[in-house]
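Structure first, then comments.
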Amino acid sequence: MNVTITNEFLTATINPLGAELISLKDSSNEYIWEGNPEFWGKHSPILFPIVGTLKDNTYTYEGNDYNMTRHGFARDNHFVVKERDSRSVVFSFSSNEETLKQYPFTFELELKYTLKEKTLHLDYTVNNLGDKIQPFALGAHPAFALPGNFEDYSLTFEKEEELISSQLENDLVSEKTFKIESDKNKLALSHKLFENDALIFKTLISKKITLNKLDTPFLNVNFHDFPHLGIWTKTNAPFLCIEPWQGYSDPSTSTGKLEDKEGIVLLTPGKEYNAGFSIEILR
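Numbered according to my numbering, the sequence shown spans residues 484 to 766.
Here is the structure:
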């Protein structure tokens with residue numbers, strides 16, 4: 484059963500399957516992509532315990548090989564509601580017999596949604612419940628609805644950026660990069676930008692991106708806790724994903740060892756890792 488939280492400005496609805504945000508709306512607008520499977524059947528999946536794709540969908544840990552598909556398994560599992568009130572809810576998912584076959588670590592993953600005025604805060608906590616260092620990556624994948632002409636929309640980066648994207652080859656991050664032309668800190672959107680899949684920024688100065696329609700700002704994504712960012716859509720689709728990441732796909736030169744993976748977090752036994760981002764409505 485979906486969970487809804489609300490305040491005087493916004494209403495958010497979350498599906499316990501993957502603790503996935505499926506709706507964020509005010510009195511007149513829906514901001515989250517509807518999930519039409521003709522283009523892409525998801526809304527805002529959690530990426531854990533990997534972000535992106537492993538080389539050969541396989542990694543090695545302590546001499547053993549494990550298989551894991553793109554973006555990990557958290558998005559495909561049911562979360563339980565741990566705490567809830569009218570304006571916030573905490574979802575929890577823990578390791579189990581099935582996850583241990585893919586990922587030999589004991590953990591709890593929490594995602595807290597909180598509405599504060601016109602902002603939805605998403606706060607992640609990873610708890611290492613085992614007795615060994617836990618390597619993981621963590622990411623968000625919210626898709627924002629862009630009705631009408633896609634080219635009416637643009638992005639404004641918080642800082643003036645030289646936009647250098649890593650190039651994907653067979654879903655892996657290659658050593659090749661390319662520069663994306665922009666007007667100082669503003670990037671006009673077009674589907675041509677995504678002909679070769681996602682834009683992947685390993686380093687940005689900005690920690691906030693604004694979505695604009697016809698040069699009018701309507702939404703901010705603030706991602707201070709995440710060092711990497713993906714931006715993606717499907718061909719001719721009326722949505723845009725702005726994806727805060729800790730980690731990204733394997734490079735083609737990957738050794739396959741999970742603890743050596745680029746962007747990986749190494750969490751000490753008994754410790755927790757916290758990160759969050761927020762979606763701020765400007766209308």
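Quick reminder that beta carbons are idealized off the backbone N, C-alpha and C, glycines included. Here the structure is a predicted model, which means the values were calculated and not measured.
Exclusion of the five residues before and after Trp-523 leaves Lys-717 as the residues of its chain whose Cβ lies within less than 6 Å of its Cβ. The Cβ neighbour count for Lys-659, taken over all protein chains shown within 10 Å, is under 16; the residue is labelled exposed. Between Asp-733 and Val-656, the CB-CB gap stays under 9 Å. Beta-bridge annotation (DSSP): Asn-695 is paired with Ser-637 and Pro-700.
Between the alpha carbons of Gly-739 and Thr-589 lies a distance of about 21 Å. Under the rule that a run must span 4 or more residues, the alpha helix (DSSP H) segments found entirely inside the segment 574-607 read 580-585. If you draw a straight line from the Cα of Pro-499 to the Cα of Val-563, it is about 7 Å long. DSSP places His-711 in the strand class (E or B) of the three-state scheme. For the options Asn-519, Lys-675 and Asn-490, the alpha carbon positioned closest to that of Leu-603 is the one of Asn-490.
Taken through DSSP and simplified to helix, strand or coil, Leu-629 comes out as coil. Taking all protein chains in view, the Cβ of Leu-672 is crowded by 16 or more other Cβ atoms within 10 Å, so the residue is classified as buried.
Every unbroken stretch of the beta strand (DSSP E) spanning 3 or more residues and falling wholly within the segment 548-575 is given here in chain order: 563-567. Secondary structure at Leu-537: coil, using DSSP grouped into helix, strand and coil. Distance between Ile-714 and Tyr-756, taken at the CA atoms: about 24 Å.
Annotated as proximal: Phe-760 and His-707, with beta-carbon spacing under 9 Å. It is roughly 25 Å from the alpha-carbon of Thr-543 to the alpha-carbon of Ile-683.
Leaving aside the five residues that flank Asn-560 on each side, the residues in its chain whose CB is nearer than 6 Å to its CB run, in chain order, Phe-576.
DSSP places Asp-680 in the coil class of the three-state scheme, outside both helix and strand.
Taking a 10 Å sphere around the C-beta of Thr-693, we find 16 or more other C-beta atoms and assign the residue as buried.
Within the same chain, Cβ atoms closer than 6 Å to the Cβ of Asn-550 are found at Asn-540 and Thr-541, the five residues on either side in sequence being excluded. Beta-bridge partners of Asp-666 (DSSP): Lys-669. Collapsing the DSSP output to three states places Glu-652 in a strand. By the Cβ test, the segment 722-730 is in contact with the segment 612-628, since at least three Cβ pairs between them sit closer than 8 Å. Between Tyr-596 and Ser-578, the C-beta gap is not smaller than 9 Å, which leaves the two residues out of contact.
Here Lys-642 has Asn-668, Ile-688 and Ser-689 as same chain residues with Cβ atoms under 7 Å from its own Cβ, once five neighbours each way along the sequence are excluded. Under the three-state reduction of DSSP output, Leu-750 falls in the strand class.
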